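**Q** Sharing a structure below in structure tokens format, with a few things to ask.
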Amino acid sequence: MQSMRDNPFRNLPAVHQVLDHPFLCQIKERHAHVALLDAIRVEIAELREKIKPQESGNLPIDLDALAGRVRTRLENSTVPLLRSVINATGIVLHTNLGRSPLAEAAARAAYDAGRGYLNLELDLATGKRSSRQDPIRDVLARLTGAESATAVNNCAAATLIVLRALASGREVIVSRGQLIEIGGSFRIPEIMTVSGATLREVGTTNITRIGDYEKAIGPNTALLMRIHPSNYRIRGFTQAVELAELVELGRKHNLPVIDDVGSGALLDFAEFGLPGEPVASESITAGADLVLCSGDKLLGGPQAGLIIGRRSLVERIEKDPLMRAVRIDKMMLAALEATLRLHLHPERARKEVPTLRMIALTPSELQPRAEALAAKLTSISGIASVQVREETSFVGGGSLPDQPLPSVVVAVTAEGMSEEAFASRLRIGHPAVLARIQDGQVLFDLRTVFEEQEADLREAIAEALKKE
Ligand SMILES: *Cc1c(COP(=O)(O)O)cnc(C)c1O
Numbered sequence: 419m420q421s422m423r424d425n426p427f428r429n430l431p432a433v434h435q436v437l438d439h440p441f442l443c444q445i446k447e448r449h450a451h452v453a454l455l456d457a458i459r460v461e462i463a464e465l466r467e468k469i470k471p472q473e474s475g476n477l478p479i480d481l482d483a484l485a486g487r488v489r490t491r492l493e494n495s496t497v498p499l500l501r502s503v504i505n506a507t508g509i510v511l512h513t514n515l516g517r518s519p520l521a522e523a524a525a526r527a528a529y530d531a532g533r534g535y536l537n538l539e540l541d542l543a544t545g546k547r548s549s550r551q552d553p554i555r556d557v558l559a560r561l562t563g564a565e566s567a568t569a570v571n572n573c574a575a576a577t578l579i580v581l582r583a584l585a586s587g588r589e590v591i592v593s594r595g596q597l598i599e600i601g602g603s604f605r606i607p608e609i610m611t612v613s614g615a616t617l618r619e620v621g622t623t624n625i626t627r628i629g630d631y632e633k634a635i636g637p638n639t640a641l642l643m644r645i646h647p648s649n650y651r652i653r654g655f656t657q658a659v660e661l662a663e664l665v666e667l668g669r670k671h672n673l674p675v676i677d678d679v680g681s682g683a684l685l686d687f688a689e690f691g692l693p694g695e696p697v698a699s700e701s702i703t704a705g706a707d708l709v710l711c712s713g714d715k716l717l718g719g720p721q722a723g724l725i726i727g728r729r730s731l732v733e734r735i736e737k738d739p740l741m742r743a744v745r746i747d748k749m750m751l752a753a754l755e756a757t758l759r760l761h762l763h764p765e766r767a768r769k770e771v772p773t774l775r776m777i778a779l780t781p782s783e784l785q786p787r788a789e790a791l792a793a794k795l796t797s798i799s800g801i802a803s804v805q806v807r808e809e810t811s812f813v814g815g816g817s818l819p820d821q822p823l824p825s826v827v828v829a830v831t832a833e834g835m836s837e838e839a840f841a842s843r844l845r846i847g848h849p850a851v852l853a854r855i856q857d858g859q860v861l862f863d864l865r866t867v868f869e870e871q872e873a874d875l876r877e878a879i880a881e882a883l884k885k886e
């Protein structure tokens with residue numbers, strides 16, 4: 419039997435010994451006593467794990483180091499897990515990073531709505547109950563020329579509620595070329611099943627003609643639906659039916675035409691050199707009865723799904739019992755109204771909505787910023803090479819998949835550190851930095867970095883390169 423003297427665990431400190439350590443004096447006031455005791459127990463347990471039972475003799479225990487680890491553990495435990503990151507990937511609508519950053523006015527509106535009371539469903543003039551949708555309806559009608567509109571949790575919810583309210587138990591005709599998956603298990607055929615509507619596929623993957631739709635129309639048809647294949651393109655021998663043609667057919671048979679444009683541009687992106695993105699108001703002008711789009715893609719607002727179009731259809735949708743389950747909350751609503759109001763002045767929107775501003779940035783605007791960053795980085799230790807070069811950014815978010823944006827990046831190689839290790843250290847740093855790995859280098863694309871973040875980015879890079 420091992421004698422007490424040889425017991426390798428005998429030097430482990432007792433909880434109270436750590437508790438009284440001067441390092442923990444100040445922290446005691448800021449944290450609950452139970453949390454402090456927990457942190458001490460966990461750290462002692464970790465020390466015990468490290469001791470091998472067969473070891474004997476006096477293992478020195480560094481009480482200062484232990485108390486330091488307790489303090490760090492406690493401090494880290496109070497930091498929220500969701501935190502701001504610097505997006506240096508150049509992907510403007512990065513779904514994993516929260517898609518659109520909000521315009522200042524929109525973020526402020528959400529903040530005010532969140533921290534206080536507001537007239538969410540109250541008409542201040544009459545004191546009577548109103549609809550939370552009223553502010554959105556007005557501004558969307560002005561922006562698109564539509565009669566009415568309503569907003570829900572996101573565009574997936576918009577698709578679901580529209581199909582359920584207008585086509586449950588009946589058929590919806592869709593071209594085979596438009597039966598897409600958006601990502602995160604959102605597939606049009608599946609959403610159709612969930613809604614209770616029956617999908618009636620027409621045409622082929624590459625070719626669908628108006629006659630294909632016409633032949634499929636029967637007594638059980640509820641809707642004609644067009645879905646913008648946001649995240650992929652069919653090239654070569656292809657033919658799709660123009661919205662105007664579909665509208666003509668719908669009118670002839672008294673069937674509503676739904677246009678799911680997804681990306682939700684309210685401004686014409688052709689002006690940014692990005693043709694081919696559908697614009698909601700153009701769909702309304704072309705006669706679509708309802709247009710569906712996302713709030714946090716090219717619109718540059720909060721997560722939301724917009725249903726824009728005929729008043730009678732919007733009213734039917736709002737009466738659906740499921741409407742409550744896909745309801746938009748007050749903070750999203752406030753941010754959405756503010757974002758839409760900025761769009762009433764396209765020049766302002768282009769300056770103030772970060773998504774629009776970032777997409778519009780040209781290489782000649784990015785070049786001096788990249789050069790300034792590169793110049794500052796050359797003096798940092800741990801860098802093997804820094805280079806400014808032309809590259810491409812992507813809009814992301816399932817929109818404009820084949821529309822690369824010409825960009826300028828700072829390409830960095832670390833000394834004695836792989837590009838993966840460098841990128842990983844950037845990711846876990848404070849602030850966290852997301853960069854792109856390409857050809858053995860880490861690329862920083864300033865398109866998606868706010869100018870006020872540039873100093874923090876430099877420091878984060880220096881920190882990530884420090885040798886332990
Ligand atoms: C992105 C997209 C959706 C889903 O939008 P969310 O707002 O992410 O739910 C639906 N339809 C199309 C065509 C899309 O591009």
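The letter at position 440 of the sequence shown is residue 858 when you use this note's numbering, and the numbering goes up by one with no holes. Where a beta carbon is used, it is the ideal one built from N, C-alpha and C, also for glycine. Here the structure is a predicted model, which means the values were calculated and not measured.
1. I need the DSSP call for D552, collapsed to helix, strand or coil.
2. If you draw a straight line from the C-alpha of V867 to the C-alpha of T757, how long is it?
3. Going by CA-CA distance only, name the one from R533, V570 and L484 that's closest to V744.
4. For ligand 1, I want to know if T780 counts as a neighbour, meaning its beta carbon is within less than 7 angstroms of at least one of the ligand's heavy atoms.
5. Report all residues from its chain with a CB closer than 6 angstroms to the CB of G532; omit the five preceding and five following residues, and keep chain order.
6. How close, in whole Å, do the beta carbons of T577 and I609 come, if the pair is a contact with beta carbons under 8 angstroms?
7. In whole angstroms, what separates the C-alpha of T616 from that of E589?
8. Looking only at its own chain, which residues have a Cβ that is under 7 angstroms from the Cβ of R550, when we skip the five neighbours before and after it?
9. Specify, as a first and last residue, the run of the alpha helix (DSSP H) that M741 falls within.
10. What's the call for Q859, buried or exposed, on a 16-neighbour Cβ count within 10 Å?
11. May I ask which residues mark the beginning and end of the alpha helix (DSSP H) holding E632?
12. With 16 as the cutoff for other CB atoms within 10 Å, does K379 come out buried or exposed?
13. Near E925, which residues of its chain fall below 8 angstroms by C-beta distance, leaving aside the five closest residues on each side in sequence?
14. Between the C-alpha atoms of Y529 and G815, what's the straight-line distance to the nearest angstrom?
15. How many Å lie between Q596 and A658 at the Cα?
16. Over what stretch of residues does the beta strand (DSSP E) that includes L861 continue unbroken?
17. Work out the CA separation of P607 and E700 for me, nearest whole Å.
18. Kindly indicate which three-state DSSP category F687 falls into: helix, strand or coil?
19. According to DSSP, is V460 part of a helix, a strand, or is it coil?
20. Considering only the beta carbon of each residue, do E619 and V580 sit closer than 8 angstroms?
21. Can you grab the Cα-Cα spacing for the pair L515 / Q435, in whole Å?
22. Buried or exposed: which applies to P822, given that a residue is buried once 16 or more other Cβ atoms fall within 10 Å of its Cβ?
23. Examine ligand 1 and report whether any of its heavy atoms sits within less than 7 angstroms of the Cβ of F604.
24. How would you call P637, buried or exposed, if buried means at least 16 neighbouring beta carbons within 10 angstroms?
25. From S799 to A873, what does the alpha carbon distance come to, in whole angstroms?
26. Please list, in chain order, all residues of the same chain as L481 whose beta carbon is under 8 angstroms from its beta carbon, the five residues on each side excluded.
27. Contact defined as beta carbons within less than 8 angstroms: I believe P849 pairs with A878. What is the distance between those atoms, to the nearest angstrom?
28. Three or more C-beta pairs under 8 angstroms: does that hold for the segment 669 to 683 against the segment 710 to 726?
29. Which two residues bound the contiguous alpha helix (DSSP H) that contains L538?
30. Could you give the distance in angstroms between the alpha-carbon of N672 and the alpha-carbon of G705?
31. Measuring CB to CB, does A640 end up less than 8 angstroms from A564?
32. Looking at the strands, I want to know which residues DSSP matches up with S593.
**A** According to the data block:
1. The sequence position of residue 552 within the sequence shown is 134, counting from 1. DSSP places D552 in helix when its eight states are reduced to three.
2. The residue given as residue 867 occupies position 449 in the sequence shown. The residue given as residue 757 occupies position 339 in the sequence shown. Cα-Cα distance, rounded: 20 angstroms.
3. For this step, residue 744 is matched to residue 326 along the sequence shown. Minimum Cα distance to V744 is reached at V570.
4. Residue 780 sits at position 362 when you count from the first residue of the sequence shown. Flag unset: Cβ of T780 not near ligand 1.
5. Position 114 of the sequence shown, counted from the first residue, corresponds to residue 532. The beta carbon of G532 is closer than 6 angstroms to those of M749 in its chain, skipping five residues each way along the sequence.
6. In the sequence shown, counting from the first residue as 1, residue 577 sits at position 159. In the sequence shown, counting from the first residue as 1, residue 609 sits at position 191. With a Cβ gap of about 6 angstroms, T577 and I609 count as contacting.
7. Position 198 of the sequence shown, counted from the first residue, corresponds to residue 616. Position 171 of the sequence shown, counted from the first residue, corresponds to residue 589. Cα-Cα distance, rounded: 5 angstroms.
8. By 1-based counting over the sequence shown, the position of residue 550 is 132. Result list for R550: L538, E539 and L751, in chain order.
9. Here residue 741 refers to the residue found at position 323 when the sequence shown is read from its first residue. No alpha helix (DSSP H) contains M741, which DSSP labels as neither H nor E.
10. The count along the sequence shown starts at 1 and reaches residue 859 at position 441. Label assigned to Q859: buried.
11. Position 214 of the sequence shown, counting from 1, holds the residue named residue 632. I628 to A634 is the span of the alpha helix (DSSP H), which, as asked, contains E632.
12. Absent from the model: residue 379. The displayed extent of the chain is 419 to 886, so no value can be given.
13. No answer is possible for residue 925: the residues shown for the chain start at 419 and end at 886.
14. Against the sequence shown, residue 529 aligns to sequence position 111. Against the sequence shown, residue 815 aligns to sequence position 397. Looking at the two C-alpha atoms, the distance is approximately 25 angstroms.
15. As a working mapping, residue 596 is identified with position 178 in the sequence shown. As a working mapping, residue 658 is identified with position 240 in the sequence shown. For Q596 and A658, the distance between alpha carbons rounds to 10 angstroms.
16. Looking up residue 861 in the sequence shown gives position 443. Unbroken beta strand (DSSP E) run through L861: Q859 to D863.
17. Indexing the sequence shown from 1 puts residue 700 at position 282. Indexing the sequence shown from 1 puts residue 607 at position 189. Annotation: E700 to P607 spans about 26 angstroms, alpha carbon to alpha carbon.
18. Locating residue 687 in the sequence shown gives position 269, counting from the first residue. Helix at F687.
19. Numbered from 1 along the sequence shown, position 42 holds the residue referred to as residue 460. If DSSP states are grouped into helix, strand and coil, V460 belongs with the helices.
20. Taking the first residue of the sequence shown as position 1, residue 619 is located at position 201. Taking the first residue of the sequence shown as position 1, residue 580 is located at position 162. For E619 and V580, no; Cβs fall outside 8 angstroms.
21. Reading the sequence shown from its first residue, position 97 is the one you call residue 515. Reading the sequence shown from its first residue, position 17 is the one you call residue 435. Cα to Cα, the separation comes out at about 44 angstroms.
22. Locating residue 822 in the sequence shown gives position 404, where the first residue counts as 1. The residue is exposed, with fewer than 16 neighbouring Cβ atoms inside 10 Å.
23. Counted from its first residue, the sequence shown places residue 604 at position 186. F604: yes, Cβ under 7 angstroms from ligand 1.
24. By 1-based counting over the sequence shown, the position of residue 637 is 219. So P637 counts as exposed.
25. Taking the first residue of the sequence shown as 1, we reach residue 799 at position 381. Taking the first residue of the sequence shown as 1, we reach residue 873 at position 455. Linking S799 to A873 through their CA atoms gives a straight-line distance of about 17 angstroms.
26. As a position in the sequence shown, residue 481 is number 63, starting the count at 1. Hits under 8 angstroms: P431, Q435, V436 and H439.
27. As a working mapping, residue 849 is identified with position 431 in the sequence shown. As a working mapping, residue 878 is identified with position 460 in the sequence shown. That pair is a contact at about 6 angstroms.
28. Judged by Cβ distances under 8 angstroms, the segment 669 to 683 makes contact with the segment 710 to 726, as three or more pairs qualify.
29. Against the sequence shown, residue 538 aligns to sequence position 120. Boundaries cannot be given for L538, as no alpha helix (DSSP H) includes it and DSSP labels it neither H nor E.
30. Here residue 672 corresponds to residue number 254 of the sequence shown, with the count starting at 1. Here residue 705 corresponds to residue number 287 of the sequence shown, with the count starting at 1. Approximately 13 angstroms, taken between the alpha carbons.
31. Taking the first residue of the sequence shown as 1, we reach residue 640 at position 222. Taking the first residue of the sequence shown as 1, we reach residue 564 at position 146. Inclusion of A640 and A564 in the CB contact set at 8 angstroms is not warranted, their separation being larger than that value.
32. Counted from its first residue, the sequence shown places residue 593 at position 175. Residue pairing by DSSP places S593 opposite V620 in a beta bridge.
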